[in-house]
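With the numbering used here applied, the sequence shown corresponds to residues 13 to 395, in that order. All residues carry an ideal CB built from backbone N, CA and C; glycine is no exception. Take a look at the structure set out below.
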Amino acid sequence: MGLQAFASQFQNYFASAQSGRDLVQLSRAVAAPSHGFARQDLTRRLDQAAKRVLFVVDGIGADLAEQWALVPSADERVRGQSIFPTATGSAVPSLLSGLYPATHGLLGWHCYVPEYQAIYAGLPWKAKRPANTDEVVPVVEPAKYYGKPPTVNRFDALVVPAEIQNSIISQIFQPQAAVLGYDQDDSFVDAVEQALHEASNQTIYVYFSDYDHLAHGFGPFSPEAKQSIDRFNRIYAALRPSMAAHRAAAVITADHGHLETQFEDWIDVESLMGEAIIGLHWGEPRMAFVRAPKTRHFAERVFEATKGRVFAATRTQLLQWQVFGPAPQHEGLIDRMGDFALLGSGAICIDDRRAHRPVQLKGMHGGASEIERDIPMLFEFFK
Numbered sequence: 013m014g015l016q017a018f019a020s021q022f023q024n025y026f027a028s029a030q031s032g033r034d035l036v037q038l039s040r041a042v043a044a045p046s047h048g049f050a051r052q053d054l055t056r057r058l059d060q061a062a063k064r065v066l067f068v069v070d071g072i073g074a075d076l077a078e079q080w081a082l083v084p085s086a087d088e089r090v091r092g093q094s095i096f097p098t099a100t101g102s103a104v105p106s107l108l109s110g111l112y113p114a115t116h117g118l119l120g121w122h123c124y125v126p127e128y129q130a131i132y133a134g135l136p137w138k139a140k141r142p143a144n145t146d147e148v149v150p151v152v153e154p155a156k157y158y159g160k161p162p163t164v165n166r167f168d169a170l171v172v173p174a175e176i177q178n179s180i181i182s183q184i185f186q187p188q189a190a191v192l193g194y195d196q197d198d199s200f201v202d203a204v205e206q207a208l209h210e211a212s213n214q215t216i217y218v219y220f221s222d223y224d225h226l227a228h229g230f231g232p233f234s235p236e237a238k239q240s241i242d243r244f245n246r247i248y249a250a251l252r253p254s255m256a257a258h259r260a261a262a263v264i265t266a267d268h269g270h271l272e273t274q275f276e277d278w279i280d281v282e283s284l285m286g287e288a289i290i291g292l293h294w295g296e297p298r299m300a301f302v303r304a305p306k307t308r309h310f311a312e313r314v315f316e317a318t319k320g321r322v323f324a325a326t327r328t329q330l331l332q333w334q335v336f337g338p339a340p341q342h343e344g345l346i347d348r349m350g351d352f353a354l355l356g357s358g359a360i361c362i363d364d365r366r367a368h369r370p371v372q373l374k375g376m377h378g379g380a381s382e383i384e385r386d387i388p389m390l391f392e393f394f395k
């Protein structure tokens, strides 16, 4: 496949993502059914519920959710789509805020701070440094980087793992919400039930992260990952009586799906390109932003150096294709994108050897494939 055909393939992918059933529209409909959803019958039933609970199962794609019977009691099962990049660092802010990445400005796990030419991991906020150096990275306060986005959604309570109970993401996007933490299954059930019992809580956001961690480490189809979905199903089943007692509507979705990768899928593009790339990359291994001192013929050079396995999209292309969602656009969006985004074909990931020793995870996401994009949207209505 030639470079132009490769570009057309990605362009067609992003065009096909405009389904009207993405996680932003779903989250808006849960937070306030007046925003609507592609399925108006489901929007009406959400509006009729006394309480609405959005469960986010991090990392479970649509196909595996069907194959492994995620929430078998669901009344409706819809195949929906994530945002781009298909990554927690972008999708969770979108779920919480009801904003597309183009508007909230978070473009993956690693964030570029143009004013200081510094890169920080977003969750938790931590500087990224070149390996084997004592380079000092400027101190950047996360609140300054995130700013105050014009959040659309309002959740009354958030139920999250205890280790992220004080997450900057929650503080920025849902500052008024009560945040309840859990560690074991019993405390998970207790926290959701506590949120349900509070009379003023009409909308509740519940986050389950175990599957994503295990999919990264053991692979998305591994027995360990499957056990985490079985665990979620048991917890959900234990919550059904309480949700019924409160006439709740439960919506179960994910932030992205997972690809299975092999050692040979990881490419050290920066070493292949040498001085054609400035500094470290950011974003995601499946979609890495880079700065280039010379942009002319850069895409052709990347394509040739990687033997046609990586496509370098320009900022102009990304904006034309609306890959990060429609307007309004975050004021810092263009600068946060660098000069190019490196998109891996198939399961190709961009290695990061300038920053650390390579870590090849078995499950990955963040890129432009249907496996990463397509997510479950399940509905159960209690009367």
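Any idea which residues DSSP pairs residue i with across the strands?
i, result
"residue 258", "Per DSSP, none; premise fails for residue 258."
"residue 303", "290"
"residue 65", "216, 262"
"residue 89", "390"
"residue 34", "93"
"residue 122", "133, 295"
"residue 78", "Residue 78 is not bridged to any residue."
"residue 99", "DSSP, once it has assigned bridges, lists no residue as partnering residue 99."
"residue 138", "133"
"residue 376", "271"
"residue 322", "356"
Confirm, please, whether the CB-CB distance from residue j to residue i is below 7 Å.
i, j, result
"residue 344", "residue 117", "yes"
"residue 56", "residue 393", "no"
"residue 302", "residue 350", "yes"
"residue 96", "residue 335", "yes"
"residue 174", "residue 189", "no"
"residue 204", "residue 251", "yes"
"residue 215", "residue 376", "no"
"residue 219", "residue 66", "no"
"residue 308", "residue 356", "no"
"residue 34", "residue 45", "no"
"residue 61", "residue 260", "yes"
"residue 132", "residue 348", "no"
Using three-state DSSP, classify residue i as helix, strand or coil.
i, result
"residue 163", "coil"
"residue 285", "helix"
"residue 132", "strand"
"residue 158", "helix"
"residue 248", "helix"
"residue 190", "strand"
"residue 253", "helix"
"residue 229", "helix"
"residue 176", "helix"
"residue 170", "strand"
"residue 362", "strand"
"residue 184", "helix"
"residue 72", "coil"
Express the C-alpha separation of residue j and residue i in angstroms, rounding to a whole number.
i, j, result
"residue 122", "residue 101", "8 Å"
"residue 156", "residue 296", "22 Å"
"residue 163", "residue 316", "43 Å"
"residue 150", "residue 224", "31 Å"
"residue 136", "residue 180", "8 Å"
"residue 255", "residue 209", "10 Å"
"residue 236", "residue 127", "42 Å"
"residue 312", "residue 232", "33 Å"
"residue 92", "residue 108", "17 Å"
"residue 153", "residue 185", "16 Å"
"residue 85", "residue 141", "47 Å"
"residue 103", "residue 113", "8 Å"
For the ligand PLP, is there a heavy atom less than 6 Å away from the beta-carbon of residue i?
i, result
"residue 304", "Summarising the ligand content, the structure contains no ligands, and the ligand PLP is consequently not present."
Query raised in the report: Looking at C-beta atoms only, is the number of pairs between the segment 265-278 and the segment 70-87 that lie closer than 8 Å three or more?
Result: The segment 265-278 is in contact with the segment 70-87.
Query raised in the report: With contact counted as at least three CB pairs below 8 Å, one residue from each stretch, are the segment 238-255 and the segment 215-229 in contact?
Result: Touching, yes.
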